[in-house]
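Inspection log for the structure reproduced underneath, given as structure tokens.
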Amino acid sequence: MLNQVSLFTENNCGGLLKITTILAKANINIYTMLANDSAEFGIVRLIVDNPEVAMDTLKKEGYQCRHDKVIAVEMNDTPGYLDGILTAIHSANIDISYLYISFNRENVKPVVILKTAEPETATFLIGRGYHLLESF
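Written out as structure tokens, the structure reads:
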């Protein structure tokens, strides 16, 4: 499984810039970033090269952060590949909390990053022949 940093931030002008500036000054490389908003606050999800340092640095700057384990499944860049993954997960009655798409920098293949509450999801997907990534 992959380590993800999730943090809560105010939904205001320059909010994302402040986060990226903090991480840049700490020499943290951001591989993937997803920002979801609501009226006043948002959730930012990050895959970075050093999640422990990123969390410590962001916490020192006043952010509420948490560490999450997520599953990163490398995909073929073909129509229906994601649908096959989601069909397999659905057939096992596994609920997905959220997902987003990124890419593997080594081979430029798409990667679906997903979060479930089921600890066996990764093992299930490997058993179905899917390739999971431990890092980007």
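The opening residue of the sequence shown carries number 1 in the numbering used here; numbering runs sequentially from there.
Glycine residues also receive a C-beta, built at the ideal position from the N, C-alpha and C atoms.
In this structure, A54 is the residue among A54, A26, L132 with its C-alpha nearest to the C-alpha of Q4.
It is roughly 10 Å from the alpha-carbon of L2 to the alpha-carbon of V73. In this structure V112 is buried. Its beta-carbon is surrounded by 16 or more other beta-carbon atoms within 10 angstroms. When secondary structure is reduced to three states using DSSP, S102 falls in the strand class.
A residue is called buried once 16 or more other Cβ atoms fall within 10 Å of its Cβ, and I85 is buried on that count. L132 has V73 as its beta-bridge partners, per DSSP.
In the assembly as shown, L46 is a buried residue. Its beta-carbon has 16 or more other beta-carbons within 10 Å.
Y98 and K115 have their alpha carbons spaced roughly 6 Å apart. Only residues of its own chain outside the window of five on either side were considered, and among them L46 have a CB closer than 6 Å to the CB of M33, listed in chain order. Per the DSSP secondary-structure output, L46 pairs in a beta bridge with V5, M33.
Residues of the same chain with a CB within less than 8 Å of the CB of A26, apart from the 5 flanking positions on each side, are V53, A54, T57 in chain order. Straight-line measurement puts the Cα of D49 at about 8 Å from the Cα of S135. Classified as buried, T121 has 16 or more neighbouring CB atoms from the shown chains inside 10 Å of its CB. Contact between the segment 56-70 and the segment 11-24 is present: 3 or more CB-CB pairs across the two stretches fall below 8 Å.
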